[in-house]
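*Asks:* Heads up, the sequence shown is in our numbering, so the first residue is 12 and it goes up one at a time.
Idealized CB from N, CA, C, for every residue including glycine.
Pasting a structure here, questions to come.
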Amino acid sequence: MPTQTKTDEKNTITDSEANTKLHIQHPHSSHNDEEKGSVQTEKGCEERDKRSGAGKVIVDFPKQVYRKDSITKTSDKPCIFPSILKSLRELFANLFYEKPPTSPYAYRVKPKVMLEGCSTVHEHYKRIDDVLQLVKNEKSLKGLEMVGFTYVFIPCESHPNETCTIEKYGAQTCQCGTRLKHIASENFITKENRLRYISDGPMYEVITRLCQEYAQELMMKEATLHWVSVCEVITKGNPIRILVDQDYPVFAEECHGLSHGSTHHTAKEQDDISKNGEGVDRSGLETFLITTGKGKVRAGIFSRQHLLISSIESSTALPMVRDAKSRNMNIAILDPNARGDRVGMATYEQSMRVLFGHKDKTNTVNIGDVYILAHSASGSQLTRYLQTNGEHILPRIKAIAFTDSNHSIQWLKNHSHISSFFESDSTIYVRSSNEYRDEDWKSRKPGDVVNINKDENWLHRFGRTFTIEAGTSDHSLINFTSHHHIWKHFDRLRTKK
């Protein structure tokens, strides 16, 4: 050890002093000794070892020199890090954040785009809070109008100079669109200006909820549909419901926790109603089943975003409902996301049991041929359902149209009768264009036949199902762009009777 100077000797301490100041427990010290704050000597340790019968252990700790000014007791000075962090937090908050008085959070991030008419962050979030409060208990178009929005029917190029209404031309063409409009500015909501009128987050969620409710009301009005409760057990989550014709015979015994006001027509009740002339007998008619994908979209909705920036017709099943109604078909629309997409399969199975019963209860209701539109994740749900609980309904299925479905025919290795149906002329697969998969994806048109023999991965995934192009790369618009080709497939099989 080098010799220390006089100045250093004043600021140096020995190992024992350092241990005392730092409260370091000696290897032989007990827990009680630590509480008393004492440090045992080497002699005391040796005596204890002799009493306990342990061999003498000599520990040679190297001599170390510590500077007195480097030893700091924990109680001498408070930690300054919390105060530094607090100062930094306040600094960044003043630069990038603002604290609105009504905000449930301490700070809210500055938005990329301010809402129309707002110049400060406080005004922006105040507008959002006002919207949330206004429509808290409101629904559909009434709620939209309360916060400055409405839907306007816009004629297509075929009717540019006519005064068009939904009632007049709604069932004739799907090119006419019902667009969302901002009342004060008289601007239609587009992809470019959407953030100026509807911000991301809570405001987006509440506006899309109102838009979905209004779109469902239009479908109910045009096709005389109504809600049928499948499960209203509150402890299990939100109610599960399906949209069906008012006179459609359902399996009411498969419903759970229904309120006293729920009205369901069983097969026997429907027969009595028809005999007494109180309603229309819908039993025996063809049934058109519509199922949507996963996410936050509800019954009959394919895209929440396009409900805002495009039209109701392009983002929902409204055109499909109109065509099914014109063909005098029963209509059933499932709501698999009623309790979230994580339990979508269970919701799907419950809804199918109410519509079509199960293998032990299929002869009590006279249901005609079934035509199914399975979009996105609902294609997987349909495949799983047919594997496990849908054997009784498979003979009734006349045709299926998969649109960007994510199922796999490999799941059906032990169900050859289902896989053969998927690969027959009764099934069609409509896919959107993919710039990574298709070299000429921009030139693909709706209805173009896909040469699946050149794509081994496609054959492995979907088998030899007849596949056509949708003519769009937007997954959400695939049902709209391929609308006529889907009905062409259904009509071809309907004429084979």
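Would you grab the beta carbon distance between residue 255 and residue 236 for me? Rounded to a whole angstrom, and I think it's under 8 Å.
*Replies:* Looking up residue 255 in the sequence shown gives position 244. Looking up residue 236 in the sequence shown gives position 225. That belief holds up - the Cβ atoms of residue 255 and residue 236 are roughly 6 Å apart, short of 8 Å.
*Asks:* Considering only their Cβ atoms, is the gap separating residue 437 from residue 411 smaller than 9 Å?
*Replies:* If you number the sequence shown from 1, residue 411 lands on position 400. If you number the sequence shown from 1, residue 437 lands on position 426. Yes, Cβ-Cβ distance for residue 411 and residue 437 is below 9 Å.
*Asks:* Give me the Cα-Cα distance between residue 491 and residue 329, rounded to the nearest whole angstrom.
*Replies:* Start at 1 with the first residue of the sequence shown, and residue 491 comes out as number 480. Start at 1 with the first residue of the sequence shown, and residue 329 comes out as number 318. When rounded, the distance between both Cα atoms is 10 Å.
*Asks:* Going by Cα to Cα distance, which pick from 353, 413, 352, 154 is closest to residue 501?
*Replies:* By 1-based counting over the sequence shown, the position of residue 501 is 490. Nearest C-alpha to residue 501: 413.
*Asks:* Flag this pair as touching only if the segment 399 to 409 and the segment 456 to 468 have three or more C-beta atom pairs under 8 Å; answer yes or no.
*Replies:* No: fewer than three Cβ pairs fall under 8 Å.
*Asks:* In this structure, what does DSSP give as the bridge partners for residue 193?
*Replies:* Counting from 1 along the sequence shown, the entry for residue 193 is found at position 182. Residue 193 pairs with 160, 198.
*Asks:* Do you know how far the Cα of residue 457 is from the Cα of residue 446?
*Replies:* The residue you call residue 446 lines up with position 435 of the sequence shown. The residue you call residue 457 lines up with position 446 of the sequence shown. Going from the Cα of residue 446 to the Cα of residue 457 covers about 16 Å.
*Asks:* Output needed for residue 335: all residues of its chain with C-beta closer than 6 Å, excluding positions within five of it in sequence on either side, in chain order.
*Replies:* Locating residue 335 in the sequence shown gives position 324, where the first residue counts as 1. The residues are 299, 342.
*Asks:* Over what stretch of residues does the beta strand (DSSP E) that includes residue 425 continue unbroken?
*Replies:* Sequence index remark: in the sequence shown, residue 425 carries index 414 (1-based). Per DSSP, residue 425 belongs to no beta strand (DSSP E) and is neither H nor E.
*Asks:* Round the Cβ separation of residue 143 and residue 239 to the nearest angstrom and send it over; I've been treating them as touching at under 8 Å.
*Replies:* Stepping through the sequence shown from its first residue, residue 143 is reached at position 132. Stepping through the sequence shown from its first residue, residue 239 is reached at position 228. Actually they do not touch by this definition, with Cβ atoms about 31 Å apart.
*Asks:* Quick one: Cα of residue 498 to Cα of residue 212, how far?
*Replies:* By 1-based counting over the sequence shown, the position of residue 498 is 487. By 1-based counting over the sequence shown, the position of residue 212 is 201. Approximately 37 Å, taken between the alpha carbons.
*Asks:* For residue 302 and residue 393, which I take to be in contact (beta-carbon distance under 8 Å), what is that distance rounded to the nearest angstrom?
*Replies:* Start at 1 with the first residue of the sequence shown, and residue 302 comes out as number 291. Start at 1 with the first residue of the sequence shown, and residue 393 comes out as number 382. Confirmed, Cβ separation roughly 7 Å.
*Asks:* For residue 164, count the other beta carbons within 10 Å of its own beta carbon; 16 or more makes it buried, fewer makes it exposed. Which is it?
*Replies:* Counting from 1 along the sequence shown, the entry for residue 164 is found at position 153. Burial call: buried.
*Asks:* What would DSSP say about residue 396, mapped onto helix, strand or coil?
*Replies:* Translated into positions along the sequence shown, residue 396 becomes position 385. Helix.
*Asks:* Checking 9 Å against the spacing of the C-beta atoms, do residue 127 and residue 195 come in under that value?
*Replies:* In the sequence shown, the residue the question calls residue 127 occupies position 116. In the sequence shown, the residue the question calls residue 195 occupies position 184. The answer is yes: Cβ separation under 9 Å.
*Asks:* Relative to the C-alpha of residue 315, which candidate in 227, 478, 139, 429 has its C-alpha closest?
*Replies:* Here the question's residue 315 lines up with position 304 in the sequence shown. Taking only the C-alpha atoms, the option nearest residue 315 is 227.
*Asks:* Do you know how far the Cα of residue 129 is from the Cα of residue 94?
*Replies:* The residue you call residue 94 lines up with position 83 of the sequence shown. The residue you call residue 129 lines up with position 118 of the sequence shown. When rounded, the distance between both Cα atoms is 35 Å.
*Asks:* Could I get the ranges of all uninterrupted beta strand (DSSP E) runs contained in the segment 340 to 376, with 3 residues as the minimum, in chain order?
*Replies:* As far as the segment 340 to 376 is concerned, its whole beta strand (DSSP E) runs of at least 3 residues are 341 to 344.
*Asks:* Should residue 386 be labelled buried (16 or more other beta-carbon atoms within 10 Å of its own) or exposed?
*Replies:* Here residue 386 is taken as the residue at index 375 of the sequence shown, counted from 1. With 16 or more Cβ atoms within 10 Å of its Cβ, residue 386 is classed as buried.
*Asks:* Can you tell me whether DSSP reads residue 153 as helix, strand or coil?
*Replies:* Residue mapping note: residue 153 aligns to position 142 of the sequence shown, counting from 1. Correct three-state label for residue 153: helix.
*Asks:* For the beta strand (DSSP E) containing residue 296, name the first residue and the last one.
*Replies:* By 1-based counting over the sequence shown, the position of residue 296 is 285. It is not in any beta strand (DSSP E) - residue 296 carries neither H nor E in the DSSP assignment.
*Asks:* The beta strand (DSSP E) with residue 242 in it runs from where to where?
*Replies:* Along the sequence shown, read from residue 1 onward, the residue named residue 242 stands at position 231. Start and end: 236 to 242.
*Asks:* Using the C-alpha atoms, what's the distance from residue 353 back to residue 363?
*Replies:* Residue mapping note: residue 363 aligns to position 352 of the sequence shown, counting from 1. Residue mapping note: residue 353 aligns to position 342 of the sequence shown, counting from 1. Whole-angstrom Cα-Cα distance: 18 Å.
*Asks:* Quick one: grab the DSSP three-state call for residue 492.
*Replies:* For this step, residue 492 is matched to residue 481 along the sequence shown. Of the three classes helix, strand and coil, the one that applies to residue 492 here is helix, per DSSP.
*Asks:* Give me, in chain order, the residues of the same chain whose beta-carbon lies closer than 7 Å to that of residue 146; leave out the 5 immediate sequence neighbours on both sides.
*Replies:* Locating residue 146 in the sequence shown gives position 135, where the first residue counts as 1. Excluding positions up to five away in sequence, the list reads 154, 157, 158, 217, 221.
*Asks:* Give a yes or no on whether the C-beta atoms belonging to residue 332 and residue 233 are separated by under 9 Å.
*Replies:* Residue numbering aside, residue 332 sits at position 321 when the sequence shown is read from its first letter. Residue numbering aside, residue 233 sits at position 222 when the sequence shown is read from its first letter. Cβ atoms of residue 332 and residue 233: closer than 9 Å.
*Asks:* Quickly, what does DSSP pair residue 413 with across the bridge? List them, please.
*Replies:* Locating residue 413 in the sequence shown gives position 402, where the first residue counts as 1. Bridge partners of residue 413: 385, 440.
*Asks:* Could you give the C-beta distance for residue 473 and residue 420, rounded to a whole number, given that I count them as a contact under 8 Å?
*Replies:* Locating residue 473 in the sequence shown gives position 462, where the first residue counts as 1. Locating residue 420 in the sequence shown gives position 409, where the first residue counts as 1. Confirmed, about 6 Å.
*Asks:* So, is residue 191 buried or exposed, given that buried needs 16 or more other C-beta atoms within 10 angstroms?
*Replies:* Locating residue 191 in the sequence shown gives position 180, counting from the first residue. Buried: at least 16 other Cβ atoms inside 10 Å.
*Asks:* Could you confirm whether any beta carbon from chain D is found closer than 9 Å to the beta carbon of residue 240?
*Replies:* Reference to chain D is not applicable here, since this structure consists of a single protein chain.
*Asks:* What are the boundary residues of the alpha helix (DSSP H) that residue 140 is part of?
*Replies:* On the sequence shown, position 129 is the one that residue 140 refers to. Residue 140 -> alpha helix (DSSP H) spans 132 to 145.
*Asks:* Just to confirm my understanding: we take residue 135, look at its own chain, exclude 5 residues before and 5 after, and list those with CB closer than 8 Å. What are they?
*Replies:* Within the sequence shown, numbered from 1, the residue matching residue 135 stands at position 124. The answer, listed in chain order, is 122, 125, 126, 129, 210.
*Asks:* Between which two residues does the beta strand (DSSP E) containing residue 254 stretch?
*Replies:* Here residue 254 is taken as the residue at index 243 of the sequence shown, counted from 1. Segment 251 to 256, the beta strand (DSSP E) holding residue 254.
*Asks:* My assumption, with CB atoms under 8 Å, is that residue 265 sits in contact with residue 380. Please give the rounded CB distance.
*Replies:* Looking up residue 265 in the sequence shown gives position 254. Looking up residue 380 in the sequence shown gives position 369. Rounded, the Cβ-Cβ distance is 22 Å, inconsistent with contact.
*Asks:* Which whole-angstrom value describes the C-beta separation of residue 418 and residue 391, a residue pair presumed to lie in contact below a C-beta threshold of 8 Å?
*Replies:* By one-based count along the sequence shown, residue 418 stands at place 407. By one-based count along the sequence shown, residue 391 stands at place 380. Right, the Cβ-Cβ distance comes to about 4 Å (below 8 Å), so this counts as a contact.
*Asks:* If you draw a straight line from the alpha carbon of residue 42 to that of residue 98, how long is it in whole angstroms?
*Replies:* As a working note, residue 42 is residue 31 in the sequence shown. As a working note, residue 98 is residue 87 in the sequence shown. Any answer about residue 42 is weak, because its pLDDT of 45 lies below 50 and its placement is not dependable; what the coordinates show is given next. Their Cα atoms are separated by approximately 41 Å.
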